[in-house]
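Trainee: Counted from 1, the sequence shown has number 13 at position 4 by the numbering used here; the numbering is strictly sequential.
Just so you know, even glycine gets a beta-carbon here, dropped at the ideal spot from N, CA and C.
Treat the numbers as computed from the prediction; the structure is a model and nothing was measured.
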Amino acid sequence: DRTGFSASENVVYQTLDEIIKNANSRLIIGTFASQFDRLVSIIKSCETYGKKVVMEGRSIKVNIDIALTAKLIEVKPDTFISANDIGDYPSDKIVILSTGAQGEEFAALMRMATDKHKLITLNERDTLVLSSSVIPGNEIAVQKLKDNIYRRNVKVINYQGSHVHSSGHGNAGDLVWVHQTVKPRFLIPVHGHHYHLKSHMFAAIENGFPRENIIVPDNGTIIDIKNGTEIVQQKVKIP
10 DRTGFSASEN VVYQTLDEII KNANSRLIIG TFASQFDRLV SIIKSCETYG
60 KKVVMEGRSI KVNIDIALTA KLIEVKPDTF ISANDIGDYP SDKIVILSTG
110 AQGEEFAALM RMATDKHKLI TLNERDTLVL SSSVIPGNEI AVQKLKDNIY
160 RRNVKVINYQ GSHVHSSGHG NAGDLVWVHQ TVKPRFLIPV HGHHYHLKSH
210 MFAAIENGFP RENIIVPDNG TIIDIKNGTE IVQQKVKIP
């Protein structure tokens, strides 16, 4: 239901690079462990500006360890440090990569936010970057995380005020571009709530896609396209 095009990952890389470059105290970045390219870009920026990287969260550590073992990335020997060694470096030289940006109760970021982390205590000089959007259903957990972070007077940068995250889901402009590039005969929007599917349909119609060749099904619908022209849909009850 968003118009235009989603921000590219390159814009996110540039934004995070500027934040890392200009950080004058400790920086914590919460993101998805599955965003491998983003993790690599953050690590490379840290190396460029002489920052030390602390990985907090098992999934991030596992993914980076696999990449190093498979030689998918090259990292300088002294780039990564343990959380135990944070105190050995100036605060402006520390970047903490953390899991838990969705407010998971036992993830590293929530433990920091609730003073339950054994080695990292947040303070008002810290800056937290939430390099992710809120997954539907996680709103309460993320709000709880943000409230706990703000109770410690930590500065927070998120996707609502800065290009620190790019959605994995296309905006209306992205979807229409796919239609115009692929030139399909039929369109069946999938994924999301019904209003997302209908928003996709309306965007297609506004850009010339024939309404009679679009079907917006509910879960469990069987769609039969006969002879490449006739669309039949029906629901069959599972025995």
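In three-state terms, what does DSSP make of T230?
Mentor: Within the sequence shown, residue 230 is the residue found at index 221, counting from 1. Reduced to three states, the DSSP call for T230 is strand.
Trainee: So which of N132, D233 and A116 has the shortest CA-CA distance to I161?
Mentor: Here residue 161 is taken as the residue at index 152 of the sequence shown, counted from 1. The question names Ile, but residue 161 in the sequence shown is Arg. Nearest of N132, D233 and A116 to R161, Cα basis: N132.
Trainee: What residues in its chain sit with their C-beta under 7 Å from that of F89, if we drop five residues either side in the sequence?
Mentor: The residue labelled residue 89 in the question sits at position 80 within the sequence shown. Once the five neighbours on either side are set aside, the close Cβ partners of F89 are V62 and M64.
Trainee: Leaving out five residues before and five after T143 in sequence, what residues of the same chain have Cβ atoms less than 6 Å from its Cβ?
Mentor: On the sequence shown, residue 143 is found 134 positions in, with the first residue counted as 1. It should be noted that the sequence gives Val, not Thr, for residue 143. Contacts found: V151.
Trainee: Pick helix, strand or coil for K127, following the three-state DSSP scheme.
Mentor: Here the question's residue 127 lines up with position 118 in the sequence shown. DSSP places K127 in coil when its eight states are reduced to three.
Trainee: On a Cα-Cα basis, can you pick out the residue from D233, E239 and I29 that is closest to V245?
Mentor: The sequence position of residue 245 within the sequence shown is 236, counting from 1. Here the closest residue by C-alpha is D233.
Trainee: Tell me the residue span of the beta strand (DSSP E) that contains Q111.
Mentor: For this step, residue 111 is matched to residue 102 along the sequence shown. No beta strand (DSSP E) holds Q111; DSSP gives it neither H nor E.
Trainee: In chain order, what residues of the same chain have a beta carbon less than 6 Å from the beta carbon of L139, not counting five sequence neighbours either side?
Mentor: Counting from one through the sequence shown, the residue named residue 139 turns up at place 130. Cβ neighbours of L139 beyond the five flanking positions: G39, A110 and N167.
Trainee: Helix, strand or coil for V84, going by three-state DSSP, please let me know.
Mentor: Here residue 84 is taken as the residue at index 75 of the sequence shown, counted from 1. Three-state DSSP puts V84 in coil, outside helix and strand.
Trainee: CB-CB under 8 Å to E56, same chain, minus the five flanking residues each way: which ones, in chain order?
Mentor: Counting from 1 along the sequence shown, the entry for residue 56 is found at position 47. Taken in chain order, the residues that qualify are V84, K85 and T88.
Trainee: Please confirm if F14 has its CB atom under 8 Å from at least one CB of chain D.
Mentor: Any reference to chain D falls outside this structure, which holds one protein chain only.
Trainee: Between N216, L196, M121 and V199, which lies nearest to L106 when the distance is taken from Cα to Cα?
Mentor: Counting from 1 along the sequence shown, the entry for residue 106 is found at position 97. L106 has its Cα closest to that of M121, out of N216, L196, M121 and V199.
Trainee: Could you pull out every residue in the same chain whose Cβ sits closer than 7 Å to the Cβ of A212, ignoring the five residues on either side in sequence?
Mentor: Mapped onto the sequence shown, residue 212 falls at position 203. Answer for A212: A181, L184 and V185, listed in chain order.
Trainee: With a CB to CB cut of under 8 Å and the five nearest residues on each side skipped, what residues in its chain are close to K70?
Mentor: What you label residue 70 is simply residue 61 of the sequence shown in a count that begins at 1. If we look at K70 and ignore the five residues flanking it on each side, its Cβ neighbours are M64.
Trainee: Thinking C-beta only, is L25 closer than 8 Å to V163?
Mentor: Here the question's residue 163 lines up with position 154 in the sequence shown. Here the question's residue 25 lines up with position 16 in the sequence shown. Contact flag unset, no.
Trainee: Given a threshold of 16 other Cβ atoms within 10 Å of its Cβ, counted over all protein chains shown, does L206 qualify as buried or as exposed?
Mentor: On the sequence shown, position 197 is the one that residue 206 refers to. Looking at its Cβ environment, which holds 16 or more other Cβ atoms inside 10 Å, L206 is buried.
Trainee: Could you name the residues of the same chain whose beta carbon sits closer than 7 Å to that of L154, not counting the 5 residues immediately before and after it, in chain order?
Mentor: Start at 1 with the first residue of the sequence shown, and residue 154 comes out as number 145. The residues are G112, L118, M119 and A122.
Trainee: Contact check, I37 vs L137 under 8 Å by CB: the rounded distance?
Mentor: On the sequence shown, position 28 is the one that residue 37 refers to. On the sequence shown, position 128 is the one that residue 137 refers to. Contact flag correct, Cβ pair sits at about 5 Å.
Trainee: Once you ignore the five residues that flank K30 on each side, which residues in its own chain have a CB closer than 6 Å to its CB?
Mentor: Taking the first residue of the sequence shown as position 1, residue 30 is located at position 21. If we look at K30 and ignore the five residues flanking it on each side, its Cβ neighbours are Y58.
Trainee: Between Y159, N157, S171 and A92, which lies nearest to L128 when the distance is taken from Cα to Cα?
Mentor: The residue given as residue 128 occupies position 119 in the sequence shown. Residue A92 is the option with its Cα nearest to L128.
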